[in-house]
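Q: Line by line, the protein sequences give chains C and U.
Numbered as in UniProt numbering, the first sequence ends at 154 without a single skipped number.
Numbered as in UniProt numbering, the second sequence ends at 734 without a single skipped number.
Ideal Cβ positions, reconstructed from N, Cα and C, are used throughout, including at glycine.
To start, I am sharing the structure in question, which I have written as structure tokens.
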Amino acid sequence: MHLAHYLRLLHRSQTALAEAFREIRRGHPHEPDMYGVCERLAVQCRDQARWLEPFVRRYEPWTSPSPEPERLHQPLFAGTRPGGLGLLRDLHDLYLLATECDIACAMIAQGAQGARDDELLDVVRRCGGELAVQLLWLRTRMRHAAPQALVVAY
Amino acid sequence: MPEPIADHGGRRTPYGPPGGVERLAAALPGRLRDALPAEIGVGSPWPVRVDTYLDEGVTEADVDVWVQNVSAVQSSGDALDIAVRDGRIVGVRGRGVDRVNHGRIDPRDRHGPSTAGDGTRLTRPMIREDGRLVECDWDTAMGRIAGRSKELLEAPGGWGRLGFYTGGRLLLEEHYTLAVIAKAGIATPHVDGSTRVGDATAAAALTASFGADGQPGSYTDVDHCDAIALWGQDMAESRVVWERMLDRRLGPRPPAMIAVDPQETQVAKEADVHLPVRSGTNVALMNALLHELIAGNRYDAAYVARHTLGFAELCRVVEAYPPKRAAEICAVPAALIEQAAEILGSCERLVSTVLPGFYRSNQATAAACQVNNLHLLRGMLGRPGAGLFQMTGRPAGQHARETGASGELPGMRNWENPDHVRELAELWNVDLAAIPHWGPPTHAMQIFRYAEQGSIRLLWISAADPVVSLPHADRVSKVLGSEELFLVVQDLYLTETARLADVVLPAAGWGEKPGTVTGADRTVHLCERAVEPPGEARADLDIFLDYARRMGFRDRDGAPLIGWHDAESAFEAWKACSKGRPCDCTGITYDRLRGGSGVQWPCTPSTGHGAERLYAGGRFATDPGVCQSFGHDLATGAEWGAECYCAKEPHGRAFLHAAHYEPSSEAIGDGRPLYWDPVSKQPIYSVATYSVATVPVTLDAVPDTETTEVGGAGGGAEADGVVPVEVSQRLEEV
Numbered sequence: 001m002h003l004a005h006y007l008r009l010l011h012r013s014q015t016a017l018a019e020a021f022r023e024i025r026r027g028h029p030h031e032p033d034m035y036g037v038c039e040r041l042a043v044q045c046r047d048q049a050r051w052l053e054p055f056v057r058r059y060e061p062w063t064s065p066s067p068e069p070e071r072l073h074q075p076l077f078a079g080t081r082p083g084g085l086g087l088l089r090d091l092h093d094l095y096l097l098a099t100e101c102d103i104a105c106a107m108i109a110q111g112a113q114g115a116r117d118d119e120l121l122d123v124v125r126r127c128g129g130e131l132a133v134q135l136l137w138l139r140t141r142m143r144h145a146a147p148q149a150l151v152v153a154y
Numbered sequence: 001m002p003e004p005i006a007d008h009g010g011r012r013t014p015y016g017p018p019g020g021v022e023r024l025a026a027a028l029p030g031r032l033r034d035a036l037p038a039e040i041g042v043g044s045p046w047p048v049r050v051d052t053y054l055d056e057g058v059t060e061a062d063v064d065v066w067v068q069n070v071s072a073v074q075s076s077g078d079a080l081d082i083a084v085r086d087g088r089i090v091g092v093r094g095r096g097v098d099r100v101n102h103g104r105i106d107p108r109d110r111h112g113p114s115t116a117g118d119g120t121r122l123t124r125p126m127i128r129e130d131g132r133l134v135e136c137d138w139d140t141a142m143g144r145i146a147g148r149s150k151e152l153l154e155a156p157g158g159w160g161r162l163g164f165y166t167g168g169r170l171l172l173e174e175h176y177t178l179a180v181i182a183k184a185g186i187a188t189p190h191v192d193g194s195t196r197v198g199d200a201t202a203a204a205a206l207t208a209s210f211g212a213d214g215q216p217g218s219y220t221d222v223d224h225c226d227a228i229a230l231w232g233q234d235m236a237e238s239r240v241v242w243e244r245m246l247d248r249r250l251g252p253r254p255p256a257m258i259a260v261d262p263q264e265t266q267v268a269k270e271a272d273v274h275l276p277v278r279s280g281t282n283v284a285l286m287n288a289l290l291h292e293l294i295a296g297n298r299y300d301a302a303y304v305a306r307h308t309l310g311f312a313e314l315c316r317v318v319e320a321y322p323p324k325r326a327a328e329i330c331a332v333p334a335a336l337i338e339q340a341a342e343i344l345g346s347c348e349r350l351v352s353t354v355l356p357g358f359y360r361s362n363q364a365t366a367a368a369c370q371v372n373n374l375h376l377l378r379g380m381l382g383r384p385g386a387g388l389f390q391m392t393g394r395p396a397g398q399h400a401r402e403t404g405a406s407g408e409l410p411g412m413r414n415w416e417n418p419d420h421v422r423e424l425a426e427l428w429n430v431d432l433a434a435i436p437h438w439g440p441p442t443h444a445m446q447i448f449r450y451a452e453q454g455s456i457r458l459l460w461i462s463a464a465d466p467v468v469s470l471p472h473a474d475r476v477s478k479v480l481g482s483e484e485l486f487l488v489v490q491d492l493y494l495t496e497t498a499r500l501a502d503v504v505l506p507a508a509g510w511g512e513k514p515g516t517v518t519g520a521d522r523t524v525h526l527c528e529r530a531v532e533p534p535g536e537a538r539a540d541l542d543i544f545l546d547y548a549r550r551m552g553f554r555d556r557d558g559a560p561l562i563g564w565h566d567a568e569s570a571f572e573a574w575k576a577c578s579k580g581r582p583c584d585c586t587g588i589t590y591d592r593l594r595g596g597s598g599v600q601w602p603c604t605p606s607t608g609h610g611a612e613r614l615y616a617g618g619r620f621a622t623d624p625g626v627c628q629s630f631g632h633d634l635a636t637g638a639e640w641g642a643e644c645y646c647a648k649e650p651h652g653r654a655f656l657h658a659a660h661y662e663p664s665s666e667a668i669g670d671g672r673p674l675y676w677d678p679v680s681k682q683p684i685y686s687v688a689t690y691s692v693a694t695v696p697v698t699l700d701a702v703p704d705t706e707t708t709e710v711g712g713a714g715g716g717a718e719a720d721g722v723v724p725v726e727v728s729q730r731l732e733e734v
């Protein structure tokens with residue numbers, strides 16, 4: 001069984017996403033709308049990661065050691081960049097990071113069904129719902145920023 | 001001048017609600033009402049009381065001429081006549097024939113119209129030469145603006161280098177003309193106004209729940225109602241509407257009154273139930289009230305089933321807010337919440353008004369939507385006495401939103417709907433691609449951010465003083481004063497913002513130019529020119545028309561893009577734009593407005609009357625082809641998009657948006673002030689609520705309508721993507 005590996009992968013990605021939301025807020029302090037939303041989404045990601053912890057413990061004893069998920073984990077976001085284009089690139093990175101969480105969530109939901117674990121299924125579905133809104137927000141924000149950043153800015 | 005407040009007591013005009021027959025008659029469409037026998041009174045029973053304020057020593061006999069106009073200090077649209085003697089304004093008088101105010105006016109209106117003669121006004125254009133502003137002629141000033149605009153437009157992406165920001169003095173025709181210049185001439189989405197602070201929440205909440213902007217109710221609902229709920233509002237600030245409510249309270253069968261306001265205002269003292277909630281907890285309170293209505297089965301189940309979407313989700317959310325829990329969050333006794341719920345659940349005709357305590361607060365749009373939900377649950381819309389007002393603060397706010405000068409497309413069109421954009425392209429005879437519709441119009445804070453980053457190089461500010469009125473005053477003034485930004489300021493006075501400008505244009509004030517204004521209950525009023533503007537000052541409309549001429553904006557066939565030349569022809573152009581939309585004005589003409597009462601939109605030529613209430617029969621503007629927006633997540637502003645919206649199959653049903661209470665991420669409680677407010681000269685401890693009553697409004701400051709909103713430039717953790725005015729950064733900077 002490898003469920004705990006995948007749970008740890010998701011946990012790590014969500015923690016990274018939470019930190020990335022914080023960092024992007026700090027890195028772009030003068031963007032008028034970033035503070036409230038990023039702070040909120042950071043809290044949401046951190047909470048999601050916490051919900052997973054009991055399940056990591058639940059499946060740990062059954063899980064065989066494997067280096068595979070470690071290799072899977074790649075840092076997608078490494079610090080903010082300045083300016084309008086920088087903001088767009090940062091949001092782009094966050095989008096990829098959120099996508100990683102999203103697909104991991106979907107796979108764990110599949111695994112949870114295989115393990116007949118309704119409790120886990122419920123948690124990852126809730127995570128998935130919140131992630132969908134996060135992805136939508138990132139997309140919305142990037143779509144708004146792109147024309148000015150790509151065509152107008154010097 | 002008589003002392004306004006003290007005078008109120010002696011001049012009250014108490015009245016009772018009309019009888020059942022009259023109420024039935026009031027629910028009929030206008031043309032059917034005309035056919036009723038004369039003994040059925042269909043007019044409002046609110047007595048007429050004509051308020052007159054004349055300069056000392058002037059009597060009505062001394063007045064040469066009375067010129068029709070509308071209040072410059074209130075968004076309610078109080079109609080008044082300006083007294084003119086020897087080409088000078090000597091007073092004001094309420095218009096008794098008008099449906100909105102029945103002759104009453106706010107004492108501050110005396111100082112609303114023109115200040116042409118007071119010597120403080122700008123009288124000649126100015127340009128910056130060697131770092132100093134020097135007077136020049138119009139040709140030089142306008143030539144310089146047009147020259148710089150053309151230079152910027154030459155390079156690829158030129159559209160994105162120009163931005164426009166407007167304020168409270170512009171009339172409907174001026175807002176519409178500017179919207180066409182910006183959206184079709186320059187083809188930039190960067191147009192917004194000071195409506196972003198406050199008004200935008202009202203618009204967002206109405207659009208989210210009902211599909212389109214526009215107040216569902218009519219002021220006549222105050223005549224018929226048996227309960228009034230004032231949400232986060234010091235209603236006394238909107239004096240004429242407040243007087244109407246007080247007159248009902250003094251008459252027979254008075255309505256019950258609920259007030260939600262953290263402070264002990266005049267309104268709070270009048271109310272039967274006053275809920276002094278902790279700032280920023282409005283959503284928790286609203287959820288508890290909705291919880292009580294649903295748990296006690298005191299909602300209109302048939303209306304909810306037939307005319308709304310999202311009831312199950314709303315139930316699931318409000319279930320978590322029994323009064324006891326809300327009482328802890330909001331710091332009010334649970335018994336008070338139950339008492340309020342009792343009134344809200346048992347009344348038959350409820351009038352609600354929502355104002356700054358909700359808008360300039362934590363979870364603003366979500367809280368305002370819960371008031372919409374309350375009316376939807378009880379079926380309190382679209383019939384006499386059942387009225388809902390998401391009030392706005394400034395006289396120009398409503399028509400700025402309609403005409404597309406404040407973060408919308410003109411005519412309340414949906415930028416995500418290609419058919420709506422095509423309608424505009426056909427109307428203006430321009431290419432579809434010319435109209436920026438890849439995203440929503442840029443919001444004010446983002447416009448200033450682009451200017452700060454240097455991608456907007458020309459910013460044209462008309463009738464606003466953002467250096468004083470926007471958050472981050474120091475940053476705003478640094479941005480506007482930067483060498484790289486070409487700043488145009490069009491105003492009455494040499495404001496703080498104007499001092500930073502490269503070109504200053506002297507504009508005409510209220511009463512010095514003709515045009516129309518839409519009031520809060522959708523009533524369109526006419527303003528005629530009472531006096532000439534001082535010196536060489538010009539009407540804002542004439543300035544925009546001059547700019548359009550110099551820029552040579554053309555349509556697809558080479559004809560001028562702006563085909564109108566004065567206020568009346570601009571209004572006719574606007575009528576064509578409004579056709580078929582919720583704000584249809586095609587039945588309104590200047591002649592119709594002249595002499596009589598204001599007329600509400602929608603008003604088509606076939607009806608001859610404006611529709612008094614929207615959404616009669618529970619039919620909302622939510623069909624995908626009609627709606628103004630495909631909606632967004634209230635907490636983040638993430639756009640749902642057309643596909644997701646259509647999948648909900650709204651079919652003209654309203655949306656019940658549920659929201660959990662979330663504490664503001666900006667809340668602090670250690671007693672230290674958040675910041676020093678430059679206007680009230682007071683430390684501000686909380687951004688979660690704001691009441692204009694705390695700022696002493698000096699009458700001398702009133703002529704500049706901006707001052708009424710200056711102190712309101714606070715904001716909460718509102719993050720619906722529409723009104724992100726943010727104070728937290730100020731926190732970091734203090």
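With 8 angstroms as the threshold, decide whether the Cβ of Asp633/U is near any Cβ in chain C.
A: Taking the first residue of the second sequence as position 1, residue 633/U is located at position 633. Asp633/U counts as touching chain C.
Q: Could you pull the start and end residues of the alpha helix (DSSP H) that Asp102/C belongs to?
A: Residue mapping note: residue 102/C aligns to position 102 of the first sequence, counting from 1. Looking at the DSSP string, the run of the alpha helix (DSSP H) that includes Asp102/C is 83 to 114.
Q: Would a check of beta-carbon distances place Gln48/C closer than 8 angstroms to chain U?
A: Translated into the one-based positions of the first sequence, residue 48/C becomes position 48. For Gln48/C, the answer is no, since every Cβ of chain U falls outside 8 angstroms of its Cβ.
Q: Could you pull the start and end residues of the alpha helix (DSSP H) that Glu154/U belongs to?
A: The residue labelled residue 154/U in the question sits at position 154 within the second sequence. Here the alpha helix (DSSP H) through Glu154/U covers 138 to 154.
Q: Go to Gln68/U, then tell me how far its beta strand (DSSP E) extends in each direction, as first and last residue.
A: As a working mapping, residue 68/U is identified with position 68 in the second sequence. It spans 65 to 70 - the beta strand (DSSP E) in which Gln68/U sits, taken as one unbroken run.
Q: Quick one: grab the DSSP three-state call for Val240/U.
A: Here residue 240/U is taken as the residue at index 240 of the second sequence, counted from 1. The answer is helix: DSSP assigns Val240/U an H, G or I state.
Q: Three or more C-beta pairs under 8 angstroms: does that hold for the segment 612 to 626 of chain U against the segment 380 to 388 of chain U?
A: Taking 8 angstroms as the limit for Cβ pairs, the verdict is that the segment 380 to 388 of chain U does touch the segment 612 to 626 of chain U.
Q: Within a Cβ cutoff of 6 angstroms, which residues of the same chain sit near Cys136/U, ignoring the five residues on either side of it in sequence?
A: Here residue 136/U refers to the residue found at position 136 of the second sequence. Within the same chain, Cys136/U has close Cβ partners Pro125, Ile127.
Q: Please report the straight-line C-alpha distance between Pro514/U and Leu131/C, rounded to a whole angstrom.
A: As a position in the second sequence, residue 514/U is number 514, starting the count at 1. As a position in the first sequence, residue 131/C is number 131, starting the count at 1. Between Pro514/U and Leu131/C, the C-alpha separation is close to 52 angstroms.
Q: Are Val42/U and Arg33/U close, meaning C-beta to C-beta below 8 angstroms?
A: The sequence position of residue 42/U within the second sequence is 42, counting from 1. The sequence position of residue 33/U within the second sequence is 33, counting from 1. Against a cut-off of 8 angstroms, the Cβ pair of Arg33/U and Val42/U comes out as a contact.
Q: For Arg12/U and chain C, any beta-carbon pair shorter than 8 angstroms?
A: Looking up residue 12/U in the second sequence gives position 12. Taking Cβ atoms only, chain C never reaches closer than 8 angstroms to Arg12/U, which makes this a no.
Q: Go to Val123/C, then tell me how far its beta strand (DSSP E) extends in each direction, as first and last residue.
A: Walking along the first sequence from the start, residue 123/C turns up at place 123. Taken as a continuous stretch (DSSP letters only), Val123/C belongs to no beta strand (DSSP E), being part of the alpha helix (DSSP H) at 118 to 147.
Q: From what residue to what residue does the beta strand (DSSP E) around Trp428/U run?
A: Against the second sequence, residue 428/U aligns to sequence position 428. From DSSP, Trp428/U is part of no beta strand (DSSP E) but of the alpha helix (DSSP H) over 418 to 428.
Q: Can you check the segment 585 to 666 of chain U for any alpha helix (DSSP H) of at least 4 residues that lies completely inside it and give the ranges in chain order?
A: Runs found: 590 to 593, 642 to 647.
Q: Just curious, the alpha helix (DSSP H) that Phe164/U is in, first and last residue?
A: Taking the second sequence and counting its residues from 1, one reaches residue 164/U at position 164. Where Phe164/U is concerned, there is no enclosing alpha helix (DSSP H), although the beta strand (DSSP E) it sits in stretches over 162 to 166.
Q: Run through the segment 170 to 215 of chain U for me and flag every whole alpha helix (DSSP H) of 4 or more residues, listed as ranges in chain order.
A: Runs of the alpha helix (DSSP H) inside the segment 170 to 215 of chain U: 172 to 180, 199 to 210.
Q: Out of Ala35/U, Val599/U, Arg12/U, Ser44/U, state which residue places its alpha-carbon closest to the alpha-carbon of Gly19/U.
A: Residue mapping note: residue 19/U aligns to position 19 of the second sequence, counting from 1. Taking only the C-alpha atoms, the option nearest Gly19/U is Ser44/U.
Q: Looking at the unbroken alpha helix (DSSP H) that takes in Cys330/U, where does it start and where does it end?
A: Walking along the second sequence from the start, residue 330/U turns up at place 330. Start and end: 323 to 330.
Q: List the DSSP bridge partners of Thr523/U.
A: By one-based count along the second sequence, residue 523/U stands at place 523. Thr523/U is bridged to Gln600/U.
Q: Which residue comes first and which comes last in the beta strand (DSSP E) that contains Met257/U?
A: Numbered from 1 along the second sequence, position 257 holds the residue referred to as residue 257/U. Here the beta strand (DSSP E) through Met257/U covers 256 to 260.
Q: On the three-state DSSP scale, how would you describe His274/U?
A: Position 274 of the second sequence, counted from the first residue, corresponds to residue 274/U. His274/U falls in the strand class under three-state DSSP.
Q: Taking the C-alpha atoms as reference points, what is the distance between Ala554/U and Ile543/U?
A: In the second sequence, residue 554/U corresponds to position 554, counting from 1. In the second sequence, residue 543/U corresponds to position 543, counting from 1. First, the amino acid is wrong: residue 554/U is Arg here, not Ala. If you take the alpha carbons of Arg554/U and Ile543/U, they lie about 18 angstroms apart.
Q: Look at the alpha carbon of Thr434/U and the alpha carbon of Lys579/U, and state the distance between them as a whole number of angstroms.
A: In the second sequence, the residue the question calls residue 434/U occupies position 434. In the second sequence, the residue the question calls residue 579/U occupies position 579. The question names Thr, but residue 434/U is Ala in the sequence shown. Those two C-alpha atoms are separated by around 22 angstroms.
Q: Give the range of the alpha helix (DSSP H) segment to which Ser462/U is assigned.
A: The count along the second sequence starts at 1 and reaches residue 462/U at position 462. No alpha helix (DSSP H) holds Ser462/U; the beta strand (DSSP E) holding it covers 458 to 462.
Q: Output, in chain order, the set of chain C residues within a Cβ distance shorter than 7 angstroms of Gln446/U.
A: Residue numbering aside, residue 446/U sits at position 446 when the second sequence is read from its first letter. Those are Pro32, listed as they occur along chain C.
Q: Helix or strand or just coil, what does DSSP make of Ile435/U?
A: Position 435 of the second sequence holds residue 435/U. Reduced to three states, the DSSP call for Ile435/U is coil.
Q: At a CB-CB cut-off below 9 angstroms, which residues of chain U make contact with Ala153/C?
A: By 1-based counting over the first sequence, the position of residue 153/C is 153. Gly157, Gly160, Tyr450, Gln453, Gly454, Ser455, listed in chain order.
Q: Considering only the alpha carbon of each residue, which of Lys183/U, Gln363/U, Val304/U lies closest to Gly232/U?
A: Stepping through the second sequence from its first residue, residue 232/U is reached at position 232. Ranking the options by Cα distance to Gly232/U, first place goes to Gln363/U.
Q: Would you check if the distance between the CB atom of Val90/U and the CB atom of Val58/U is smaller than 8 angstroms?
A: To locate residue 90/U, count along the second sequence from 1; it is residue 90. To locate residue 58/U, count along the second sequence from 1; it is residue 58. Cβ distance < 8 angstroms, so Val90/U and Val58/U count as in contact.
Q: Going along the chain, which residues of the segment 121 to 151 of chain C sit with their C-beta nearer than 7 angstroms to a C-beta in chain U?
A: So the close ones are Val133, Leu136, Trp137, Thr140, Arg143, His144, Pro147, Gln148, Val151.
Q: When Cβ atoms are compared, which residues of the segment 75 to 86 of chain C fall closer than 9 angstroms to chain U?
A: Those would be Gly83, Gly84, in chain order.
Q: Rounded to the nearest angstrom, what separates Ala145/C and Leu88/C at their Cα positions?
A: Against the first sequence, residue 145/C aligns to sequence position 145. Against the first sequence, residue 88/C aligns to sequence position 88. Rounded to the nearest angstrom, the two C-alpha atoms are 7 angstroms apart.
Q: Alpha carbons only, please: which of Val100/U, Val84/U, Asp98/U, Arg121/U is nearest the one belonging to Arg110/U?
A: As a position in the second sequence, residue 110/U is number 110, starting the count at 1. Comparing Cα-Cα distances from Arg110/U to each of Val100/U, Val84/U, Asp98/U, Arg121/U, the minimum goes to Val84/U.
Q: Any idea what DSSP makes of Phe358/U, helix, strand or coil?
A: Position 358 of the second sequence, counting from 1, holds the residue named residue 358/U. Note: Phe358/U maps to helix in three-state DSSP.
Q: Taking only the alpha-carbon atoms, compute the straight-line gap between Ala49/C and Ala18/C and give it to the nearest angstrom.
A: On the first sequence, position 49 is the one that residue 49/C refers to. On the first sequence, position 18 is the one that residue 18/C refers to. Answer to the nearest angstrom: the Cα atoms are 9 angstroms apart.
Q: Around the C-beta of Thr516/U, are 16 or more other C-beta atoms found within 10 angstroms, so that it is buried, or is it exposed?
A: The residue given as residue 516/U occupies position 516 in the second sequence. It counts as buried.
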